[in-house]
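Participant:
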Amino acid sequence: MEREKGSDVQRVSKGLFQAWGVREVVTAVLMNVLTLVLMFAGSSVTMLHPHLAMLASGGAAVFLGAAVFMLMVFRVNRFGVTTLFATMAALMFCTMGNYAIMIPFYIAGGLVLDLVFLRSEEQRRSIRWVTAAWSTFSGLYLLSTMIPVISNLDAYIDNFIRNFGSDQAFIDAFLRYYTDPLWVFGIAIATVICGFAGCLAARVLMRKHFSKAGAL
Numbered sequence: 110m111e112r113e114k115g116s117d118v119q120r121v122s123k124g125l126f127q128a129w130g131v132r133e134v135v136t137a138v139l140m141n142v143l144t145l146v147l148m149f150a151g152s153s154v155t156m157l158h159p160h161l162a163m164l165a166s167g168g169a170a171v172f173l174g175a176a177v178f179m180l181m182v183f184r185v186n187r188f189g190v191t192t193l194f195a196t197m198a199a200l201m202f203c204t205m206g207n208y209a210i211m212i213p214f215y216i217a218g219g220l221v222l223d224l225v226f227l228r229s230e231e232q233r234r235s236i237r238w239v240t241a242a243w244s245t246f247s248g249l250y251l252l253s254t255m256i257p258v259i260s261n262l263d264a265y266i267d268n269f270i271r272n273f274g275s276d277q278a279f280i281d282a283f284l285r286y287y288t289d290p291l292w293v294f295g296i297a298i299a300t301v302i303c304g305f306a307g308c309l310a311a312r313v314l315m316r317k318h319f320s321k322a323g324a325l
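Going by my numbering, the first residue of the sequence shown is number 110, and it counts up by one from there.
In structure tokens, the structure reads:
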């Protein structure tokens, strides 16, 4: 029994402290960028209508980003992959007008996801664990919208107008959905489901295409 516990501790320690090389860093950065581009593309499609944007932009983003994120975790297989991704995501969102206060939220969230879901090599090779990590990130991604809303709603609306224009329909839709806790909860759950669905679709793609191409 003690030997089994000792071996478990050794496996976790190895997973946590395995060094990153240049290859892992470059691979992670490039694939994180691709994931963020896909997320941005998915979110942009929903901007065709105010209500669609408020309800589905997060879901569309995490659905499209799931496959590359999962592939990145499998390829890099190092502790901290989610923390790096979350940090890059936060920095990109800040350049698009979001508040810098979101950066520590994303970094802390990424670190917690790494510690809970992806701390060992075995977990990072497991589709189930990676799916759990991305699905949880999907919910946190949506809920991060509430940080500037709670901290200073008026300033956030002004910033929203500067970035998306003064279309009152978008402002009204935003206030309708994101100042109502029930709507926020419902949209967050729907976003988690979309992230999970994206992982299921990614599993099919990986089996049919990435494995044959030697990407896994």
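No residue lacks a Cβ here, since even glycine has one placed at the ideal position from N, Cα and C.
1) Starting from Arg228, trace the alpha helix (DSSP H) in both directions and tell me its first and last residue.
2) Could you tell me the distance, in whole angstroms, from the CA atom of Trp292 to the CA atom of Met156?
3) Quick one: what's got a C-beta closer than 7 Å to Leu252's C-beta in the same chain, skipping five residues either side?
4) Smallest Cα separation from Gly218: which of Thr204, Arg233 and Ala198?
5) Would you kindly work out how many angstroms separate the C-alpha atoms of Arg233 and Asp276, rounded to a whole number?
6) Anyone know if the C-beta pair for Met148 and Val239 falls short of 8 Å?
7) Excluding sequence positions up to five away, which residues of its chain have a Cβ less than 8 Å from the Cβ of Ile212?
8) Between Arg271 and Tyr208, what straight-line distance do the alpha-carbon atoms span, to the nearest angstrom?
9) Sorted by chain position, which residues of the same chain lie with C-beta nearer than 6 Å to Ala322's C-beta, five sequence neighbours on each side aside?
10) Pairing CB atoms from the region 240-247 with CB atoms from the region 298-310, are three or more of them under 8 Å?
11) Under the assumption that Leu193 contacts Ala282 (Cβ atoms under 8 Å), give the Cβ distance between them as a whole number of angstroms.
12) In angstroms with no decimal places, state the Cα-to-Cα distance between Ser166 and Val142.
13) If the criterion is Cβ atoms closer than 8 Å, does the pair Leu164 and Tyr286 meet it?
14) Please look up how many angstroms separate the CB atoms of Ala170 and Gly189, rounded, as I've assumed it's under 8 Å.
15) Out of Ile216, Leu227, Thr191 and Gly174, which one is the CA nearest neighbour of Leu145?
Facilitator: Taking the structure as given:
1) Taking the first residue of the sequence shown as position 1, residue 228 is located at position 119. Unbroken run through Arg228: none, as it is neither H nor E.
2) In the sequence shown, the residue the question calls residue 292 occupies position 183. In the sequence shown, the residue the question calls residue 156 occupies position 47. Taking the straight line from one Cα to the other gives about 19 Å.
3) By one-based count along the sequence shown, residue 252 stands at place 143. Ala297, listed in sequence order.
4) Within the sequence shown, the letter at position 109 stands for residue 218. Answer by Cα proximity: Ala198.
5) Position 124 of the sequence shown, counted from the first residue, corresponds to residue 233. Position 167 of the sequence shown, counted from the first residue, corresponds to residue 276. Roughly 44 Å between the two C-alpha positions.
6) As a first step, residue 148 must be located in the sequence shown, where it is residue number 39. As a first step, residue 239 must be located in the sequence shown, where it is residue number 130. Not a contact, by the Cβ cut-off of 8 Å.
7) In the sequence shown, the residue the question calls residue 212 occupies position 103. Thr196, Ala199, Leu200 and Cys203.
8) In the sequence shown, counting from the first residue as 1, residue 271 sits at position 162. In the sequence shown, counting from the first residue as 1, residue 208 sits at position 99. It is roughly 13 Å from the alpha-carbon of Arg271 to the alpha-carbon of Tyr208.
9) As a position in the sequence shown, residue 322 is number 213, starting the count at 1. For Ala322, the predicted model reports a pLDDT of 49, less than 50, meaning its position is unreliable and no value from the coordinates is stated.
10) Enough Cβ pairs lie closer than 8 Å, so yes.
11) Along the sequence shown, read from residue 1 onward, the residue named residue 193 stands at position 84. Along the sequence shown, read from residue 1 onward, the residue named residue 282 stands at position 173. With a Cβ gap of about 33 Å, Leu193 and Ala282 do not count as contacting.
12) In the sequence shown, the residue the question calls residue 166 occupies position 57. In the sequence shown, the residue the question calls residue 142 occupies position 33. Taking the straight line joining both Cα atoms gives about 18 Å.
13) Translated into the one-based positions of the sequence shown, residue 164 becomes position 55. Translated into the one-based positions of the sequence shown, residue 286 becomes position 177. Result yes, Cβ atoms of Leu164 and Tyr286 sit closer than 8 Å.
14) What you label residue 170 is simply residue 61 of the sequence shown in a count that begins at 1. What you label residue 189 is simply residue 80 of the sequence shown in a count that begins at 1. Wrong, their Cβ atoms sit about 22 Å apart, outside the cutoff.
15) In the sequence shown, residue 145 corresponds to position 36, counting from 1. The candidate whose alpha carbon is nearest that of Leu145 is Gly174.
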